[in-house]
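Oh and the sequence shown: position 212 is 212 in UniProt numbering, straight run, nothing missing.
Glycine is no exception: its CB is placed at the ideal position from the N, C-alpha and C atoms.
Working notes for the structure below.
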Amino acid sequence: MKKFNRTLVTTALPYANGPVHIGHLAGVYVPADIYTRYLRIKGEDVLLIGGSDEHGVPITIKAQKEGITPQDVVDKYHNIIKDSFEKFGITFDIYSRTSSETHHETASEFFKTLDNKGEFIVKTSEQYYDAIANQFLADRYITGTCPHCNNDGAYGDQCESCGTSLNATDLINPTSSITGNKPELKETKHWYLPLDKYENDLKKWILEDHKEWKPNVYGQCKSWLDTGLHPRAVTRDLNWGVPVPAEGAEGKVLYVWFDAPIGYISATKELTPDWEKYWKADDSKMVHFIGKDNIVFHCIIFPAMLKAEGSYILPDNVPANEFLNLEGDKISTSRNWAVWLHEYLEEFPDKQDVLRYVLTANAPETKDNDFTWKDFQARNNNELVAILGNFVNRALVLTHKYYNGIIPAQGELTDFDKETLAQIPVFKEQVEKNLETYHFREALKEAMNLARLGNKYLADTEPWKLIKTDEERVKTIMNISLQITANLSTLIEPFLPFTASKLRGFLNIETLAWENIGANVISNHHQINTASLLFEKIEDETIQAQVDKLLATKAANEAEKKIVAPAKENINFDDFMKLDVRVGTITAAEKVAKTKKLLKLTVDTGIDQRTVVSGIAEHYKPEEIIGKQVSILVNLEPKQLKGIESQGMILMAEDADGKLSFVSPDQSIKPGSEIR
Numbered sequence: 001m002k003k004f005n006r007t008l009v010t011t012a013l014p015y016a017n018g019p020v021h022i023g024h025l026a027g028v029y030v031p032a033d034i035y036t037r038y039l040r041i042k043g044e045d046v047l048l049i050g051g052s053d054e055h056g057v058p059i060t061i062k063a064q065k066e067g068i069t070p071q072d073v074v075d076k077y078h079n080i081i082k083d084s085f086e087k088f089g090i091t092f093d094i095y096s097r098t099s100s101e102t103h104h105e106t107a108s109e110f111f112k113t114l115d116n117k118g119e120f121i122v123k124t125s126e127q128y129y130d131a132i133a134n135q136f137l138a139d140r141y142i143t144g145t146c147p148h149c150n151n152d153g154a155y156g157d158q159c160e161s162c163g164t165s166l167n168a169t170d171l172i173n174p175t176s177s178i179t180g181n182k183p184e185l186k187e188t189k190h191w192y193l194p195l196d197k198y199e200n201d202l203k204k205w206i207l208e209d210h211k212e213w214k215p216n217v218y219g220q221c222k223s224w225l226d227t228g229l230h231p232r233a234v235t236r237d238l239n240w241g242v243p244v245p246a247e248g249a250e251g252k253v254l255y256v257w258f259d260a261p262i263g264y265i266s267a268t269k270e271l272t273p274d275w276e277k278y279w280k281a282d283d284s285k286m287v288h289f290i291g292k293d294n295i296v297f298h299c300i301i302f303p304a305m306l307k308a309e310g311s312y313i314l315p316d317n318v319p320a321n322e323f324l325n326l327e328g329d330k331i332s333t334s335r336n337w338a339v340w341l342h343e344y345l346e347e348f349p350d351k352q353d354v355l356r357y358v359l360t361a362n363a364p365e366t367k368d369n370d371f372t373w374k375d376f377q378a379r380n381n382n383e384l385v386a387i388l389g390n391f392v393n394r395a396l397v398l399t400h401k402y403y404n405g406i407i408p409a410q411g412e413l414t415d416f417d418k419e420t421l422a423q424i425p426v427f428k429e430q431v432e433k434n435l436e437t438y439h440f441r442e443a444l445k446e447a448m449n450l451a452r453l454g455n456k457y458l459a460d461t462e463p464w465k466l467i468k469t470d471e472e473r474v475k476t477i478m479n480i481s482l483q484i485t486a487n488l489s490t491l492i493e494p495f496l497p498f499t500a501s502k503l504r505g506f507l508n509i510e511t512l513a514w515e516n517i518g519a520n521v522i523s524n525h526h527q528i529n530t531a532s533l534l535f536e537k538i539e540d541e542t543i544q545a546q547v548d549k550l551l552a553t554k555a556a557n558e559a560e561k562k563i564v565a566p567a568k569e570n571i572n573f574d575d576f577m578k579l580d581v582r583v584g585t586i587t588a589a590e591k592v593a594k595t596k597k598l599l600k601l602t603v604d605t606g607i608d609q610r611t612v613v614s615g616i617a618e619h620y621k622p623e624e625i626i627g628k629q630v631s632i633l634v635n636l637e638p639k640q641l642k643g644i645e646s647q648g649m650i651l652m653a654e655d656a657d658g659k660l661s662f663v664s665p666d667q668s669i670k671p672g673s674e675i676r
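Listed below in structure tokens is the structure:
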């Protein structure tokens with residue numbers, strides 16, 4: 001295996017058109033942070049590079065919807081994302097942004113280098129154009145019916161329903177999302193990177209040299225390579241992004257898939273003047289942490305760009321994860337179906353590690369997995385509280401109780417003691433093995449096994465009973481328990497950094513060196529500090545509040561989907577004039593017995609006091625509507641309802657979710673006033 005002297009870790013750049021959610025965390029940022037923290041604890045030279053992707057059509061669409069500029073959008077969400085990452089403990093060495101001056105310069109120079117080497121093909125092609133908006137339409141500005149699954153909401157680059165990559169011209173009944181106009185095909189010039197030129201190199205590099213890559217990554221790359229690569233446009237007709245630095249490219253910007261990965265380079269440049277040794281030295285290792293939707297860009301397109309430039313190394317691994325779903329449904333930013341990181345941090349203060357633990361234990365490493373709030377609660381209560389927290393609390397509390405917080409010296413070790421201590425380096429090796437091969441779920445399981453070992457050791461030795469008959473033996477038991485606790489403070493550090501820090505505070509120690517795990521890492525007669533609980537139980541009502549929040553989102557989404565009923569057939573003016581609608585004031589209201597929906601109302605119509613039976617009991621309480629002014633149809637033929645004669649109809653507006661609202665004057669008006 002090749003020996004590397006430094007490691008460059010990059011994370012997919014989140015679009016700065018919305019906050020970060022748990023799908024992003026599980027797929028990219030938590031595993032990247034675990035891996036980087038592990039290498040740092042080992043004393044290795046490692047950089048974690050991240051930043052916001054601030055160009056591309058999703059940004060311009062967001063700006064257009066909100067009536068602000070693209071810069072306003074990226075400034076808002078870049079700050080939200082960066083702040084959330086910091087509070088969550090994602091330890092970027094730099095978190096940059098692609099709207100920075102350094103990035104614009106770096107991306108432009110990269111393009112010019114390839115252009116000067118003659119690496120691009122410049123050709124004219126037909127692209128959809130919106131004549132009303134007077135602009136060419138980027139892929140995401142075009143929607144239509146997917147030719148594969150018949151989903152009506154497919155985009156010009158991908159159908160999010162079936163996941164198929166598309167060209168805009170593949171769509172059935174394409175529509176401009178700017179104006180709703182049917183676009184027309186019009187000629188435009190673009191620069192293309194000939195991926196086919198590097199097809200053989202990429203086949204050897206991936207299919208022969210990197211068979212150790214994860215099956216999902218290797219398989220997707222093989223599928224692309226087997227079907228043959230084709231030139232791909234690196235420019236777009238758009239006014240937001242890095243301007244194309246070439247003659248005849250006015251009004252064009254670098255396409256976001258070409259622009260964004262260069263953001264890793266520009267961010268490293270911002271961080272250190274020694275950036276080139278991380279990007280160009282043969283003894284540097286580069287690892288890209290991404291989601292499965294970015295595999296092609298990081299394993300085929302970006303490497304082709306780097307090979308075309310000629311001076312850069314290629315990634316050693318791209319451990320892409322699958323997708324995380326939420327309560328059985330695909331996470332969706334547009335549908336607000338997500339657990340947003342910045343909201344979680346507010347609603348679950350000081351519980352960063354709970355979410356880190358759950359997302360790692362349930363990481364979608366080989367297949368799509370599902371996050372549920374019930375599982376979140378169960379893992380916290382049954383694993384963090386009952387296993388890790390329980391062991392640590394017992395070890396520390398008993399040491400304070402028996403020895404005033406001073407660690408007793410070991411006496412003679414039994415075979416059971418020796419067997420227990422011998423397990424510590426075994427767990428360390430298993431954690432190492434799994435982290436080195438990007439199996440984070442298994443690595444976390446092995447780290448937690450050390451806490452399970454501690455619990456078993458205390459349960460089997462029962463020092464709380466033995467203290468009455470063999471005080472010397474209890475000293476050894478407590479010493480070994482605290483050795484396990486101290487080792488835990490380092491072994492869990494990559495996964496649960498806030499907990500590890502808290503645990504070191506309890507033990508009154510500094511961070512232990514990784515290579516020392518397994519030895520007697522904490523000395524006899526060392527004074528530990530007073531401890532508190534590492535974790536607390538999460539109650540049912542807390543979880544139910546989160547479930548209710550999602551149910552409200554689902555209801556809002558369903559209401560949003562409802563189509564407004566079409567207009568009814570026309571009537572003539574004379575028929576309309578037969579309707580006598582007046583302003584009335586409700587003077588009394590009561591529920592109709594043995595019904596759920598009906599209220600009996602007394603209404604002052606200005607003409608008389610009359611009774612109206614109205615089906616609004618599920619929307620209004622009787623006492624809330626006394627004195628309410630309403631619109632009432634006074635010349636409707638009376639009708640018997642539940643034995644009550646109803647003498648008119650109250651006009652109501654019905655929302656998409658079925659909620660009823662009164663149609664009322666916006667200021668007090670005399671009962672009997674005609675509504676025309």
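Taking buried to mean at least 16 other C-beta atoms within 10 Å of its own C-beta, is residue i buried or exposed?
{"i": "I22", "result": "buried"}
{"i": "W373", "result": "buried"}
{"i": "H78", "result": "buried"}
{"i": "R676", "result": "exposed"}
{"i": "W514", "result": "buried"}
{"i": "N487", "result": "buried"}
{"i": "Q546", "result": "buried"}
{"i": "G328", "result": "exposed"}
{"i": "M286", "result": "buried"}
{"i": "D139", "result": "buried"}
For residue i, which option in the options has the closest C-alpha, if you only look at C-alpha atoms?
{"i": "R40", "options": "N449, L491, T98 and E66", "result": "L491"}
{"i": "N150", "options": "D139, N167 and I172", "result": "I172"}
{"i": "I626", "options": "E590, V634 and T476", "result": "E590"}
{"i": "T485", "options": "K456, V392 and S125", "result": "V392"}
{"i": "S177", "options": "L341, K2 and V57", "result": "V57"}
{"i": "G180", "options": "E471, D209, E536 and Y141", "result": "Y141"}
{"i": "G27", "options": "Y198, N455, I295 and D139", "result": "I295"}
{"i": "P231", "options": "S125, E109 and K186", "result": "S125"}
{"i": "V73", "options": "N524, A16, E536 and V122", "result": "A16"}
{"i": "T553", "options": "N336, I522, E637 and G606", "result": "N336"}
{"i": "K189", "options": "L314, I121, K87 and F535", "result": "I121"}
{"i": "D580", "options": "G606, V564 and A588", "result": "G606"}
{"i": "T523", "options": "T542, I480, T530 and S646", "result": "The displayed chain sequence assigns Ser, not Thr, to residue 523. When only C-alpha atoms are compared, the closest one is I480."}
Have a look at the DSSP bridge pairing and note the partners of residue i.
{"i": "V253", "result": "R236 and P243"}
{"i": "Q158", "result": "S165"}
{"i": "N380", "result": "Paired residue(s): none; N380 is not in a bridge."}
{"i": "H619", "result": "None, per the DSSP bridge assignment."}
{"i": "H288", "result": "T10"}
{"i": "H21", "result": "W340"}
{"i": "I644", "result": "L641"}
{"i": "G56", "result": "G56 pairs with nothing; no bridge assigned."}
In this structure, how does DSSP classify residue i when only helix, strand and coil are distinguished?
{"i": "R582", "result": "strand"}
{"i": "R335", "result": "coil"}
{"i": "I650", "result": "strand"}
{"i": "S614", "result": "strand"}
{"i": "R6", "result": "strand"}
{"i": "G263", "result": "helix"}
{"i": "D666", "result": "coil"}
{"i": "V358", "result": "helix"}
{"i": "N321", "result": "strand"}
{"i": "E109", "result": "helix"}
{"i": "R97", "result": "strand"}
Only counting the same chain, and skipping five residues up and downstream in sequence, which positions put a Cβ closer than 6 Å to that of residue i?
{"i": "P494", "result": "I34, R37 and Y38"}
{"i": "F258", "result": "V234"}
{"i": "R97", "result": "G51, S52, E54 and H78"}
{"i": "residue 685", "result": "Since the first and last residues shown for the chain are 1 and 676, residue 685 lies out of range."}
{"i": "F440", "result": "P31, I34, T360 and A363"}
{"i": "C221", "result": "I206 and C299"}
So, for residue i: in the same chain, excluding its five sequence neighbours on each side, which residues have a beta-carbon less than 7 Å away from its beta-carbon?
{"i": "V30", "result": "R356, L359 and T360"}
{"i": "A451", "result": "I387, L388, F391 and L488"}
{"i": "R379", "result": "Y357, V358 and A361"}
Suppose the cutoff is 8 Å on Cβ atoms and the five residues either side in sequence are ignored; what does the same chain contact list for residue i look like?
{"i": "T595", "result": "A617 and K642"}
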